[in-house]
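Protein chains in written order, with my numbering: chain P, 5 to 661; chain C, 31 to 193.
First the structure, in the form of structure tokens, and then the observations on it.
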């Protein structure tokens with residue numbers, strides 16, 4: 005039975021072919037409908053979108069089935085499957101290597117294609133929707149071809165294999181592995197939708213603000229998912245990797261962060277276009293950059309040319325991804341050039357001291373930040389290509405450059421929300437910034453009283469307080485005017501997101517600057533005191549099963565509950581994996597790791613203790629960002645017709661004809 | 031009067047902030063433990079076998095052995111942080127420095143971001159200047175009179191069709 009193979013392989017391959025056929029015909033139908041306006045053909049687009057989605061869902065289910073039934077006839081299952089992996093991690097093992105993660109990309113993309121087709125089903129014969137669908141289908145074709153070609157998850161494996169090593173041990177010891185990758189992918193792949201509408205707008209020449217309004221929510225939801233996914237990744241790193249950090253500037257982290265930066269720039273500058281009709285080329289470029297960078301990032305990290313903790317083994321999908329990246333850039337730049345005359349914006353920005361001026365400064369900063377991260381990520385490649393030597397660009401480089409950029413961003417977050425459109429006088433600024441500035445001063449004074457030191461963290465606390473004051477001022481004024489509606493809508497939800505970002509920044513500054521650590525040689529019955537806490541080794545616990553041997557040191561903190569940092573040896577891998585144990589608190593975390601070598605027969609253990617301030621506030625900040633994103637999706641106050649605007653006001657239900 | 035009050039308020043606030051910053055930023059944060067010194071040093075070293083991770087982050091055996099070497103050097107207490115790093119960089123012929131040097135080709139990784147930032151700020155400043163110059167001049171009395179006359183003569187034709 006095993007040698008003959010399960011049904012997962014043939015079913016999966018068939019489903020992928022169905023998906024590919026659906027997207028090819030979808031592309032043909034979408035282009036035909038967009039060019040001829042034929043309603044019957046246009047309606048076919050919806051059907052093909054569903055067919056594409058069905059193919060993708062079928063393939064994913066087949067893969068899960070093969071994984072759950074341990075169908076070792078497939079090469080992929082031989083590499084990441086194992087009879088001894090617990091059910092939950094086995095389920096998540098589907099996306100633990102290259103082919104499965106591309107399959108997940110296909111699933112998300114096909115799902116989004118169907119969702120867009122469904123959302124615009126009544127306007128499917130609108131050429132802009134048609135071209136957007138065509139773009140979605142074209143992208144889907146590319147990814148289906150990847151899964152049928154160089155990243156085929158259903159390729160048959162060597163005969164006679166009855167068990168495998170299972171997924172990377174690091175992917176087998178925390179629940180977050182279930183959530184971090186899928187959520188990140190939804191955000192990452194979700195950027196395809198605004199990109200597709202941008203292409204639709206360029207092809208049809210309807211470059212007014214209509215397409216922006218169409219894609220506003222898609223962009224915000226994708227951005228929110230990407231944010232959430234990145235933060236979950238930080239959480240996972242903290243809880244699993246044992247070096248007590250949340251972010252290592254690893255190439256894969258950077259590959260998700262760079263599109264996040266350009267996406268963040270976009271959701272800010274899009275407001276300028278909606279309000280003033282300006283920055284059209286810039287906004288299109290940001291969307292193209294965001295989408296293209298997701299592909300470039302995937303190329304850098306999935307082709308094996310850069311290595312990192314996330315990187316999968318070498319594969320030959322590199323040239324495919326690079327070619328696709330080139331096509332995206334050439335087509336988009338070509339279209340923008342072709343439509344150059346229509347993209348000229350009618351307005352001018354009167355003064356740098358204005359809301360739009362601040363948004364522009366924000367954009368320059370975000371774009372520069374994205375460039376710096378990208379440069380640091382690819383620089384080793386450049387050096388290797390040109391000078392044939394190895395070079396590592398690591399955390400200290402990124403920390404050094406991102407610190408000042410982050411501080412300037414906090415300053416902008418303080419000033420921008422109080423700035424009026426058009427221009428501001430010094431008096432208005434002095435008045436509106438008065439109490440936010442006192443908030444900043446108060447934060448600074450409190451930090452100093454509590455013993456904080458160092459320029460960078462103190463500036464972060466001060467500017468953080470300033471920015472929080474500005475965000476709270478906006479929220480207070482809005483709720484005073486409009487009641488609960490003052491908390492929803494983009495401007496107000498955005499302020500809640502800002503509060504989350506500020507919390508994150510402050511918590512990162514505190515935990516990076518004031519972490520204390522010490523290695524303690526603990527002996528049973530002899531408590532050691534350090535950092536204001538007592539640590540006592542109370543014993544060892546050994547867990548032995550057919551998969552691994554785990555040794556846990558039980559350490560009681562302050563005579564209370566015992567925490568259990570562990571070292572696990574996976575039999576299939578032969579590697580030691582350390583697992584930290586964390587006592588979480590509102591002001592600080594105590595983070596314990598067990599240091600090798602470990603002899604459970606002895607009565608002593610080397611325990612490394614980190615005292616990390618404010619870590620919990622990272623996750624609270626992340627949650628606040630998520631909440632703010634949700635709030636910003638609710639419609640806020642309608643703009644009064646008397647408000648000054650030079651861009652057309654959004655018409656309910658769609659674009660002006 | 032009001033203006034003076036506002037200025038005084040801002041000045042006192044800035045004074046308080048500057049004092050707090052001055053006190054906090056210049057004070058000594060106390061001695062660091064040996065473990066902290068080891069962490070600070072290993073954060074600047076790349077694990078030779080695991081591309082991109084620092085010795086501090088990595089749990090690989092090569093990183094473990096470098097960490098032990100650093101721990102021994104720190105415990106001996108004879109060398110400064112930079113000397114320990116230099117000694118390890120000498121021992122491993124491969125690149126183990128996580129911070130690219132600011133010399134030769136490698137310095138580009140430091141220079142290019144600065145150049146990009148300067149150029150983009152300059153471009154932004156240039157754009158603002160252009161916008162300021164392009165801005166239509168304020169209407170003169172003669173303009174307003176002309177518009178008034180036209181609007182008065184043929185109502186509704188004096189404006190562009192917004193579509």
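We treat Cβ as the ideally placed atom computed from N, Cα and C, and that holds for glycine.
Approximately 11 Å separates the beta-carbon atoms of residue 26 of chain P and residue 48 of chain P; this is outside 8 Å, ruling out the contact. Within 7 Å of the CB of residue 353 of chain P, the CB atoms of chain C belong to 158 and 161, in sequence order along the chain. Among the residues of chain C, those whose CB is under 7 Å from the CB of residue 399 of chain P are 73, 84 and 128, following chain order. For residue 520 of chain P, the closest alpha carbon among the candidates C:54, C:34 and C:68 is that of C:68. Pairing residue 228 of chain P with residue 633 of chain P gives a Cβ-Cβ distance under 8 Å. Taking a Cβ-Cβ threshold of 8 Å, none of the residues of chain P is close to residue 38 of chain C; the smallest such distance is about 12 Å.
For residue 357 of chain P and residue 366 of chain P, the gap between their C-alpha atoms comes out near 13 Å. Closest in alpha carbon position to residue 134 of chain C, among P:572, P:387 and P:583, is P:387. Within the region 455-498 of chain P, the runs of alpha helix (DSSP H) at least 4 residues long that lie entirely inside it are, in chain order, 459-486. Cβ contact annotation for residue 518 of chain P (same chain, cutoff 6 Å, sequence separation greater than five): 617, in chain order. Remark: C-beta atoms of residue 591 of chain P and residue 612 of chain P do not approach each other more closely than 8 Å. For residue 199 of chain P, there is no enclosing beta strand (DSSP E); the residue is found in the alpha helix (DSSP H) stretching over 196-208. Within the region 505-539 of chain P, the beta strand (DSSP E) runs of at least 3 residues that lie entirely inside it are, in chain order, 520-527 and 532-534.
Residue 98 of chain P: not part of any beta strand (DSSP E); DSSP gives it neither H nor E.
Counting C-beta atoms within 10 angstroms of its own C-beta, residue 429 of chain P has fewer than 16 neighbours from the protein chains shown and is therefore classed as exposed.
Taken in chain order, the unbroken stretches of alpha helix (DSSP H) that lie wholly in the region 81-130 of chain P and span 4 residues or more are 91-96 and 102-123. Nearest CB-CB separation between residue 104 of chain C and chain P: not below the 8 Å threshold. Taking 8 Å as the threshold, the shortest C-beta distance from residue 137 of chain C to chain P does not fall below it. Using a Cβ-Cβ cut-off of 9 Å, residue 445 of chain P is close to 43, 44, 46, 47 and 50 of chain C, given in chain order.
Taken atom to atom, the span from the alpha-carbon of residue 320 of chain P to that of residue 75 of chain P is near 25 Å. Between residue 97 of chain P and residue 71 of chain P, the CB-CB gap stays under 8 Å. Around residue 170 of chain C, no beta-carbon contact reaches into chain P at under 7 Å, the shortest distance being about 19 Å.
For the pair of segments examined, the region 550-558 of chain P was found not to touch the region 276-291 of chain P: the number of CB pairs separated by less than 8 Å stays below three.
Counting C-beta atoms within 10 angstroms of its own C-beta, residue 20 of chain P has 16 or more neighbours from the protein chains shown and is therefore classed as buried. Contact annotation for residue 125 of chain C against chain P: 393, 394, 395 and 396 [CB-CB distance below 8 Å, chain order]. A residue is called buried when at least 16 other Cβ atoms come within 10 angstroms of its Cβ; residue 268 of chain P meets this threshold and is buried. Residue 102 of chain P is positioned such that its CB atom lies no closer than 8 Å to that of residue 67 of chain P.
The alpha-carbon separation between residue 53 of chain P and residue 135 of chain P amounts to approximately 14 Å.
For residue 69 of chain C, the residues of chain P that pass the 7 Å Cβ criterion are 521, in the order they occur in the chain. Within the model, the alpha-carbon separation for residue 154 of chain C versus residue 410 of chain P is close to 19 Å.
In this structure, the straight-line span from the alpha carbon of residue 255 of chain P to that of residue 28 of chain P is close to 33 Å. Between the C-alpha atoms of residue 16 of chain P and residue 82 of chain P there is a straight-line separation of about 16 Å.
Residues of chain C whose Cβ lies closer than 8 Å to the Cβ of residue 438 of chain P are, in chain order, 36, 39 and 40. Taking 8 Å as the threshold, the shortest C-beta distance from residue 87 of chain C to chain P falls below it.
The beta carbon of residue 182 of chain P sits closer than 8 Å to the beta carbons of 92, 95 and 96 from its chain, once the five residues preceding and following it are set aside; these are given in chain order.
Around residue 380 of chain P, the beta-carbon contacts reaching into chain C at under 8 Å are 139.
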